[in-house]
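S.K.: If you scroll down you'll find the structure; I have some questions about it.
In the working numbering, the protein residues as written are -9 to 218.
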């Protein structure tokens, strides 16, 4: 879950307000604790002076002071002192709680400030501004597209290799066919030359035979005429 700068600033302002309230409460508690301390000290001094006065009065006049009244007064003063001491302890405990809360608020405030600084630095480095969340969300899609591009590049590279191999085979086949065609042409030329020579011999032999036949015919014709 991304946290915007406005949310961090709002949280920081809220923590600052609580910090001021806690600081004011702490000052009040400190003032009350100081007042109670002064009151306890005054009651202790009063108790000591009262006891000293009772002692001096008994010694100076030689008349015993009513013990019951003196004991009752001392008890009341002691009770009041204990109440003040208890209230002072409660105030001290409350002050400690406020100090703990104040430390927690300060820790939260420092954490928010640190997060704010980190967010600002990240935005400055990446240069994405308010569209950081959308850009981060689009990263998986970018990775997917990159994988698809790599797959297509591999397929195209394999196709190119296949085309090169096919071209090489076709070139080799053409070369071989040209060589075979040349050999066949040579053989055909040789065969044609040999056939032409044989045909010439046959024609000359046929001409000789035709001449002999014509002579026999002429001789037979002459003999027939003589017989007539």
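Note that CB positions come from ideal geometry on N, CA and C, so glycine has one too.
By a C-beta neighbour count over all protein chains shown, 10 Å radius and 16 as the cutoff for buried, is residue 42 buried or exposed?
M.R.: Position 52 of the chain shown, counted from the start, is the residue given in the question as residue 42. Answer is exposed; the Cβ neighbour count stays below 16.
S.K.: Can you list, in chain order, the residues of its chain with a C-beta nearer than 8 angstroms to that of residue 36? Leave out the 5 residues immediately preceding and following it.
M.R.: For the purposes of this step, residue 36 is identified with residue 46 of the chain shown, where counting begins at 1. Excluding residues within five positions, the ones whose Cβ falls inside 8 angstroms are 67.
S.K.: Counting pairs of beta carbons, one from the segment 67 to 81 and one from the segment 25 to 36, are three or more of them closer than 8 angstroms?
M.R.: In short, these stretches touch, since the Cβ pair count reaches three.
S.K.: Tell me the rounded alpha-carbon separation between residue 12 and residue 104.
M.R.: Within the chain shown, numbered from 1, the residue matching residue 12 stands at position 22. Within the chain shown, numbered from 1, the residue matching residue 104 stands at position 114. Cα-Cα distance, rounded: 22 angstroms.
S.K.: Near residue 16, which residues of its chain fall below 6 angstroms by C-beta distance, leaving aside the five closest residues on each side in sequence?
M.R.: Position 26 of the chain shown, counting from 1, holds the residue named residue 16. Within the same chain, residue 16 has close Cβ partners 88.
S.K.: Go through its chain and collect everything with a Cβ distance to residue 33's Cβ below 7 angstroms, but skip five positions before and after it.
M.R.: By one-based count along the chain shown, residue 33 stands at place 43. Correct list, in chain order: 67, 70, 71 and 74.
S.K.: For residue 20, which residues in the same chain have their Cβ closer than 8 angstroms to its Cβ, ignoring the five residues on either side in sequence?
M.R.: Within the chain shown, the letter at position 30 stands for residue 20. Correct list, in chain order: 85.
S.K.: Drop a sphere of 10 angstroms on the beta-carbon of residue -3, count the other beta-carbons inside from all chains shown, and report buried for 16 or more, exposed for fewer.
M.R.: In the chain shown, counting from the first residue as 1, residue -3 sits at position 7. Exposed, because fewer than 16 other Cβ atoms sit within 10 Å of the Cβ of residue -3.
S.K.: What's the call for residue 95, buried or exposed, on a 16-neighbour Cβ count within 10 Å?
M.R.: Against the chain shown, residue 95 aligns to sequence position 105. Answer is buried; the Cβ neighbour count reaches 16.
S.K.: Where residue 1 and residue 83 are concerned, what is the direct C-alpha to C-alpha distance, given to the nearest angstrom?
M.R.: The residue given as residue 1 occupies position 11 in the chain shown. The residue given as residue 83 occupies position 93 in the chain shown. In a straight line, the C-alpha of residue 1 is about 28 angstroms away from that of residue 83.
S.K.: Would you mind giving the Cβ-Cβ distance between residue -1 and residue 99, rounded to the nearest angstrom? I have them listed as a contact below 8 angstroms.
M.R.: Your numbering for residue -1 matches position 9 in the chain shown. Your numbering for residue 99 matches position 109 in the chain shown. 12 angstroms between Cβ atoms; not a contact.
S.K.: Checking 8 angstroms against the spacing of the C-beta atoms, do residue 92 and residue 22 come in under that value?
M.R.: Residue mapping note: residue 92 aligns to position 102 of the chain shown, counting from 1. Residue mapping note: residue 22 aligns to position 32 of the chain shown, counting from 1. Their beta carbons are not under 8 angstroms apart, which means residue 92 does not touch residue 22 by this criterion.
S.K.: Suppose you measure from the CA of residue 171 to the CA of residue 159; what does that come to, to the nearest Å?
M.R.: Looking up residue 171 in the chain shown gives position 181. Looking up residue 159 in the chain shown gives position 169. Roughly 18 angstroms between the two C-alpha positions.
S.K.: Select from 164, 78, 65 and 9 the residue whose C-alpha is nearest the C-alpha of residue 90.
M.R.: For the purposes of this step, residue 90 is taken as the residue at position 100 of the chain shown. Ranking the options by Cα distance to residue 90, first place goes to 9.
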